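Participant: Got a structure here, written out as structure tokens. Questions coming.
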Amino acid sequence: METLSTIVSCPALSQNIAILRALTSMHSFPYTNYQPFGNGQSLSQGFSILNETIFRDAARKGTFTKYKSLFPGLGFAAGYKVAQRMYKFTGQRHVKDYMNNNHASTFKSLFGDNWKTMMHATAGSIVGVGEIVLLPLDALKIKMQINPASIQGKGLYTVIAQE
557 METLSTIVSC
567 PALSQNIAIL
577 RALTSMHSFP
587 YTNYQPFGNG
597 QSLSQGFSIL
607 NETIFRDAAR
617 KGTFTKYKSL
627 FPGLGFAAGY
637 KVAQRMYKFT
647 GQRHVKDYMN
657 NNHASTFKSL
667 FGDNWKTMMH
677 ATAGSIVGVG
687 EIVLLPLDAL
697 KIKMQINPAS
707 IQGKGLYTVI
717 AQE
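By the count of this note's numbering, the sequence shown reaches residue 719 at its end, each step adding exactly one.
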């Protein structure tokens, strides 16, 4: 029988849990000082006001739509996060393999016994510099989560050019 520590130590499971936790914590909850139950209203009126306050435009829609309205920009955020992690965690291995196949002799002659360490460091640096290309998409993700109306109706290329 597997223990909890064995299950949690599985890298794929841990990464997926981290992605889900990050995605579900990226929401903007509309805080308000208004007290729906304090002005002599009935309980149903109070819940109606609370419903309108929390869900805004989705207050009269279904349960799933209400829940989804709490996470604006989640579709783009999930796609961006998956693409970023795929690039980050697979990119270094591919760059390292390329360098090992084509430039190993150069690294051996330059760094001697430490050639593998330097090759791994160089591959990591190349992937790190490549992540700079993804930064505008991170800004776009934040903009979609904070103010989705500012991007609505615009094409992806228009928004990226605007940023």
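Using N, Cα and C, we set each Cβ at its ideal position, and we do this for glycine too. All values derive from a computational prediction rather than experimental measurement.
#1: Measuring only from the beta carbon, is K697 closer than 7 Å to any heavy atom that is part of the ligand GTP?
#2: How many Å lie between N607 and G647 at the Cα?
#3: In whole angstroms, give me the CA-to-CA distance for I707 and T662.
#4: Could you check if A633 is buried or exposed, using at least 16 other CB atoms within 10 Å of its CB as the buried criterion?
#5: According to DSSP, is I688 part of a helix, a strand, or is it coil?
#6: Judging by CA-CA distance, which residue of K652, P692, N657 is the nearest neighbour of A677?
Facilitator: From the atom records:
#1: With respect to the ligand GTP, the structure offers nothing, as it holds no ligand at all.
#2: 45 Å
#3: 48 Å
#4: buried
#5: helix
#6: K652
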